[in-house]
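Written out below as structure tokens is the structure these notes cover.
Numbering (my numbering), first residue to last: 55 to 251.
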């Protein structure tokens with residue numbers, strides 16, 4: 055996620071950001087203490103925080119607030135302090151980065167015989183974004199059939215749309231689904247990568 059977090063902090067931070075998004079606008083816990091929030095989050099999303107101590111989560115929560123990824127909203131209700139957490143604008147941006155980083159494409163299931171094809175022509179002024187898109191497609195398991203044309207066998211258009219929208223590349227990218235003739239080499243390539251076509 056972010057280079058300045060070591061690995062275990064990285065995972066806690068991500069869980070906090072995801073849960074802040076999930077709980078945003080709700081009333082997660084009563085009692086103005088970080089420990090109350092930590093226990094609430096752990097009880098509502100135990101899998102997200104598995105393997106981490108309350109202290110580690112509390113410290114990461116503190117860091118997330120200090121770095122302005124989240125903010126606590128405190129209000130009174132029946133003589134109790136009710137606190138909820140919300141993502142800040144910076145936190146929402148980080149949330150989107152986390153989603154992009156966490157994208158995984160289907161690698162099994164009944165294949166419909168059609169290919170998901172991505173073609174792009176990104177101008178030189180957006181070179182950084184073009185390189186990101188190219189690297190992301192490669193990392194996700196796409197196969198390049200021409201300079202800026204990539205294919206994948208399983209449905210992944212929603213995931214790719216998320217990537218394209220995040221980097222504001224929609225007007226430079228064409229995506230469609232179609233059968234390809236003479237696709238034996240493609241099928242063989244993906245089978246070697248462990249996909250069951």
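Just so it is clear, CB atoms sit at the ideal spot from N, CA and C, and this is done for glycine as well.
Judged by DSSP secondary structure, residue 134 falls within the beta strand (DSSP E) whose first and last residues are 134–141. Residue 171 is a Cβ neighbour of residue 205, given a cutoff of 7 Å. A contact is defined here as three or more CB-CB pairs under 8 Å, and the stretch 112–132 fails this definition with respect to the stretch 160–169. Remark: three or more beta-carbon pairs, one from each stretch, lie closer than 8 Å, so the stretch 65–78 and the stretch 99–110 are flagged as touching. Scanning the stretch 166–235 from its first residue to its last, the whole alpha helix (DSSP H) runs of 4-plus residues come out as 181–194, 211–220. The bridge partners DSSP lists for residue 245 come to none. The beta-carbon separation of residue 150 and residue 220, rounded to 6 Å, stays under the 8 Å limit for a contact. For residue 112, the uninterrupted alpha helix (DSSP H) segment begins and ends at 108–120. If you ignore the 5 residues before and after residue 119, its C-beta comes within less than 8 Å of the C-beta of 125, 126, all in its own chain and listed in chain order.
Setting aside the 5 residues that flank it on each side, residue 95 is surrounded in the same chain by 73, each with a C-beta closer than 6 Å to its C-beta; the list follows chain order. Following the DSSP letters along the chain, one finds residue 125 inside the beta strand (DSSP E) bounded by residues 124–131.
Assigned with DSSP and collapsed to three states, residue 162 falls in coil, not helix or strand. Contact check between the stretch 176–192 and the stretch 135–148: fewer than three CB pairs, one atom from each, fall below 8 Å, which does not count as touching.
Judged by DSSP in its simplified three-state form, residue 157 adopts coil rather than helix or strand.
Within the same chain, 207, 251 come within 6 Å of residue 244 by CB-CB distance, once the 5 residues on both sides are set aside. For residue 105, the three-state secondary structure derived from DSSP is coil. Separation of the CB atoms of residue 175 and residue 226 is rounded to 6 Å, and the pair is thereby assigned contact status at 8 Å. With respect to the 7 Å criterion, residue 210 and residue 159 are classified as neighbours on the basis of their beta carbons.
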